[in-house]
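**Q** Provided herewith is a single structure, encoded as structure tokens, for subsequent inquiry.
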Amino acid sequence: MKTPFLISLLLFILLLSCNRTGPSEQIEELVIGFVPSEEAERMVKNMEPVTDFLESELAIPVKIFQGSDYTAIIEGMRGEKVDIGVFGPFSYVLASNKAGAEPLVVPCSKSGVPAHYQSLIITHVGTGLTTLDELMDTSGAYSLSFSDPASTSGHLVPRGHLRRLDIVPEDHFTDILFSGSHTATILSLANQKVDVAGCSYNVFQKMIEREMLDTSQVRILWKSAPMPVDLVTVRKGLPEKVKRQLREIYVRVADEEPASAGYFYEEWNDSTLVFQPAHDSLYSEIRRLSQLVMNDL
Numbered sequence: 002m003k004t005p006f007l008i009s010l011l012l013f014i015l016l017l018s019c020n021r022t023g024p025s026e027q028i029e030e031l032v033i034g035f036v037p038s039e040e041a042e043r044m045v046k047n048m049e050p051v052t053d054f055l056e057s058e059l060a061i062p063v064k065i066f067q068g069s070d071y072t073a074i075i076e077g078m079r080g081e082k083v084d085i086g087v088f089g090p091f092s093y094v095l096a097s098n099k100a101g102a103e104p105l106v107v108p109c110s111k112s113g114v115p116a117h118y119q120s121l122i123i124t125h126v127g128t129g130l131t132t133l134d135e136l137m138d139t140s141g142a143y144s145l146s147f148s149d150p151a152s153t154s155g156h157l158v159p160r161g162h163l164r165r166l167d168i169v170p171e172d173h174f175t176d177i178l179f180s181g182s183h184t185a186t187i188l189s190l191a192n193q194k195v196d197v198a199g200c201s202y203n204v205f206q207k208m209i210e211r212e213m214l215d216t217s218q219v220r221i222l223w224k225s226a227p228m229p230v231d232l233v234t235v236r237k238g239l240p241e242k243v244k245r246q247l248r249e250i251y252v253r254v255a256d257e258e259p260a261s262a263g264y265f266y267e268e269w270n271d272s273t274l275v276f277q278p279a280h281d282s283l284y285s286e287i288r289r290l291s292q293l294v295m296n297d298l
């Protein structure tokens, strides 16, 4: 009598387990969150092909959530309102620490080398500054602008370099502003509303190409070493089956539907990029740098 009872009990427990696990492997919609680094309308348009491709592959609605800043995307992931987050390196580190964001894919060359970009520290010609060495002796003379607090090229990297020069921004500059975007930072500096700024070299170059910036009015004081570009991440609570499926889709998307990678093509001025699996170790230097400057924040 005990054996049939035990078998029945085990079957009942197994059935309950299957009922809980089954639905958890499915999602009803997918939400992609990102923060525009320049003109929002243009970047949203560039995101549309990838959402269409994902919809066709997953057979579920895919929506775009345009965050006002990286904190909004991080909080969206933590609250399970955002499933995929497109982050810069520093905001990825923050999202990983605060929301458990996991690396999915990163843009690479076809040989598998991750794409890279650089950060700038710039000034307007009215300051008379030509080098960062000159800036070291000007405490209390100039104002400083960054883009977003969680921006890599628009905050972490330029701040980190200033700290290496023993310049603590809060002590050295008359005022520190966060404009919200690289474009706003650069325009604010060009119009002499701020004196020194940290920004993305890519956005700086695009503004010149689009005749949004008069190069005679600005001067580059410093350019960083290359660093890894933005990556696509997933929230940790997504079913593992869905994560694997998303990674597989992204890896082949550039070949099957090139326009779907348009966001990254335009962001990094390279139409040959493809997606490859991303690993946290690629951002170890960003983690180290973030520890250096976190005490300032």
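In the numbering used here, the protein residues as written are 2 to 298. Yeah, the Cβ is synthetic: ideal placement off N, Cα and C, and Gly gets one too. Since we're looking at a predicted model, the values are computed, not measured.
Could you please give the first and the last residue of the uninterrupted alpha helix (DSSP H) stretch that includes Ser92?
**A** Pro90 to Ala100
**Q** The beta strand (DSSP E) with Thr234 in it runs from where to where?
**A** Per DSSP, Thr234 belongs to the beta strand (DSSP E) from Leu232 to Val235.
**Q** Going by the beta-carbon positions, is the gap between Ser92 and Ala142 smaller than 8 Å?
**A** no
**Q** Please classify Leu293: does DSSP put it in a helix, a strand, or coil?
**A** DSSP, read as helix, strand or coil, puts Leu293 in helix.
**Q** I'd like to know whether the C-beta atoms of Tyr284 and Pro90 end up nearer to each other than 8 Å.
**A** yes
**Q** What are the boundary residues of the beta strand (DSSP E) that Gly199 is part of?
**A** Judged by DSSP secondary structure, Gly199 falls within the beta strand (DSSP E) whose first and last residues are Val197 to Ser201.
**Q** Of all the alpha helix (DSSP H) runs that stay within the bounds of the segment 172 to 216, which reach a length of 4 or more residues?
**A** For the segment 172 to 216, the continuous alpha helix (DSSP H) assignments of 4+ residues that do not extend past its boundaries occur at 183 to 191 and 202 to 210, in sequence order.
**Q** Exposed or buried, Pro227, counting other C-beta atoms within 10 Å across all chains shown (16 or more means buried)?
**A** exposed
**Q** Determine which residues share a DSSP beta bridge with Arg160 and list them.
**A** According to DSSP, which records beta bridges pairwise, Arg160 is partnered with nothing at all.
**Q** Helix, strand or coil for Thr52, going by three-state DSSP, please let me know.
**A** helix
**Q** What is the DSSP secondary structure of Leu133, reduced to helix, strand or coil?
**A** Shown here, Leu133 sits in a helix according to DSSP, grouped into three states.
**Q** Can you give me the C-alpha to C-alpha distance between Glu249 and Leu166, rounded to a whole angstrom?
**A** 44 Å
**Q** Have a look at Glu212 and Leu239 and give me their C-alpha separation to the nearest angstrom.
**A** 43 Å
**Q** Measure how close the beta-carbons of Gly301 and Val294 come, nearest whole angstrom, since I'm counting them as under 8 Å.
**A** Residue coverage of the chain in this structure runs from 2 to 298, which leaves residue 301 outside it and unanswerable.
**Q** In the DSSP assignment, the alpha helix (DSSP H) including Thr72 goes from what residue to what residue?
**A** Tyr71 to Arg79
**Q** Give the straight-line distance between the Cα atoms of Gly77 and Tyr118, rounded to the nearest whole angstrom.
**A** Our two residues, Gly77 and Tyr118, have alpha carbons roughly 27 Å apart in a direct line.
**Q** Can you grab the Cα-Cα spacing for the pair Gly113 / Glu258, in whole Å?
**A** 19 Å
**Q** If I measure Cβ to Cβ from Gly68 and keep anything under 6 Å in the same chain, skipping five residues before and after, which residues do I get?
**A** Cβ within range, chain order: Gly34, Val36 and Ile74.
**Q** For Ser146, write down the residues that DSSP places opposite it in a beta bridge.
**A** Leu178 and Ala198
**Q** In the DSSP assignment, what are the bridge partners of Met1?
**A** Coverage of the chain is limited to positions 2 through 298, which leaves residue 1 absent and any answer about it impossible.
**Q** How many Å lie between Pro104 and Ile221 at the Cα?
**A** 33 Å
**Q** For the beta strand (DSSP E) containing Leu247, list its first residue and its last residue.
**A** Counting along the chain, Leu247 falls outside any beta strand (DSSP E), though it belongs to the alpha helix (DSSP H) covering Glu241 to Glu257.
**Q** Go ahead and pull the three-state DSSP assignment for Ser154.
**A** helix
**Q** According to DSSP, which residues form a beta bridge with Lys224?
**A** Leu121
**Q** Among the residues of its own chain, which have a CB less than 7 Å from the CB of Gln218, if the five just before and after it don't count?
**A** Answer for Gln218: His125, Val126 and Ala191, listed in chain order.
**Q** Kindly indicate which three-state DSSP category Pro278 falls into: helix, strand or coil?
**A** strand
**Q** Between the C-alpha atoms of Val235 and Tyr251, what's the straight-line distance to the nearest angstrom?
**A** 12 Å
**Q** Around the Cβ of Gly155, are there at least 16 other Cβ atoms within 10 angstroms (buried) or fewer (exposed)?
**A** That one is buried.
**Q** Do Ser140 and His173 have their CB atoms nearer than 8 Å?
**A** Their beta carbons are under 8 Å apart, which means Ser140 touches His173 by this criterion.
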